[in-house]
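The sequence shown runs 0 to 312 under my numbering.
Some notes on the structure that comes next.
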Amino acid sequence: MQTMKVNQTIVREFILVGFSVYPHMQMFLFVVFLGLYLLTLTGNLAIMGLTWVDRSLHIPMYLFLGALSFSETCYTLTIIPKMLADLLTENRGISVAGCGLQMCFFLGLGGTNCIVLTLMGYDRFLAICNPLRYSLLMTNVGCGRLVASAWAGGFLISLIETALIFRGSFCSPNFVKHFFCHMRAVVRLSCLDSDLTGSVVTVISVSGLMGTFLLIIITYVFILSTVFRIPSAEGKQKAFSTCASHLIVVLVHFGFAAIVYLKPETSGGDDTLMAVPYTVITPFLSPLIFSLRNKDMKNALRKVLGKRRFLKK
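This is the structure in structure tokens:
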């Protein structure tokens, strides 16, 4: 089988099959995905704008939230515009180099999101479990360094995975059975030992995903043990209310990602449809949850809207 694969034509371009297997639904999917994408952009840009404009939000919790919104905006930009264009055209080609870049940024930004969510959990852990030293440990400069480390860590893993997948040539047929350059779909086309490469990059991705998730779970074990020791019910509610939005986003983010990355290769199912939740729905829900469940964000939005009305008068 490997000999047959090597003897095939070396490809220079991939065809993203995507949603072409559902020809009668493409216009409907385009409208739905475009609507969700515009709402996602609006939500993330609003969060970034509010955290920049309102000085009361210049604290670590909201600096991390702004960083998450920025990385998620970049994350969706790497995939969704190309997917939307492919839904309207029959030319779904992407060069091998372009595919490598898309994969590198997708994996890097996905890893960055996981690390930033972990840092947000660490921030809440310090605020609740060690409040007396919080202001010393969590300075704005320190938060900036942590966010920079998150980007460095995410893209370090991404570069390793992308280099492993693209270290050799790819053989025809050049059809990627996905709407973007997903690592599992691309590695199947490698002329080299695709099973070994696929196993290695899957182990790296799953290790990163599960590692960050376990760190968040550990921080919440300490947070809950501290919250339950607070004598008043009002104190407990106030302490946990600062974590509720983050915890919901973590469960949604890691839950949808686990469906794809923890799914055995031989289990079947449509990978294209299974990828929609964590590439389209999760980025849409994240700013929505943080905005609707956060009083400070809503108050900041009211201030901005109030100033605009005052200026118009």
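Cβ coordinates follow ideal geometry from the N, Cα and C atoms, glycine included.
Out of curiosity, what's the CA-to-CA distance linking residue 186 and residue 231? 55 Å
Close beta carbons around residue 205, own chain, < 6 Å, minus the five adjacent residues each side: 260
Under the assumption that residue 225 contacts residue 128 (Cβ atoms under 8 Å), give the Cβ distance between them as a whole number of angstroms. 5 Å
State the CB to CB distance for the pair residue 35 and residue 283, rounded to an integer number of angstroms; the pair is presumed to be in contact (CB under 8 Å). 5 Å
List the whole-angstrom C-beta distance separating residue 200 from residue 233, where the pair is believed to meet the contact cut-off of C-beta under 8 Å. Not quite, the Cβ-Cβ distance comes to about 49 Å (not below 8 Å), so this is no contact.
Considering Cα atoms alone, identify which of 173, 130, 51 is closest to residue 314. No information on residue 314 is available, as it lies outside the stretch 0 to 312 that the chain covers here.
List the endpoints of the continuous alpha helix (DSSP H) containing residue 109. 95-128
Once the 5 residues before and after residue 150 are set aside, which same chain residues still bring their CB inside 7 Å of it? 111
Please report how far the alpha carbon of residue 100 lies from the alpha carbon of residue 60, in whole angstroms. 31 Å
Going straight from the alpha carbon of residue 104 to that of residue 68, what length do you get? 16 Å
Identify, in the order they occur along the chain, each residue of the same chain with its Cβ nearer than 7 Å to the Cβ of residue 167, setting aside the five sequence neighbours on each side. 189, 190, 191
Endpoints, the alpha helix (DSSP H) within which residue 37 is located: In the DSSP annotation of this structure, the continuous segment of the alpha helix (DSSP H) that includes residue 37 starts and ends at 25-52.
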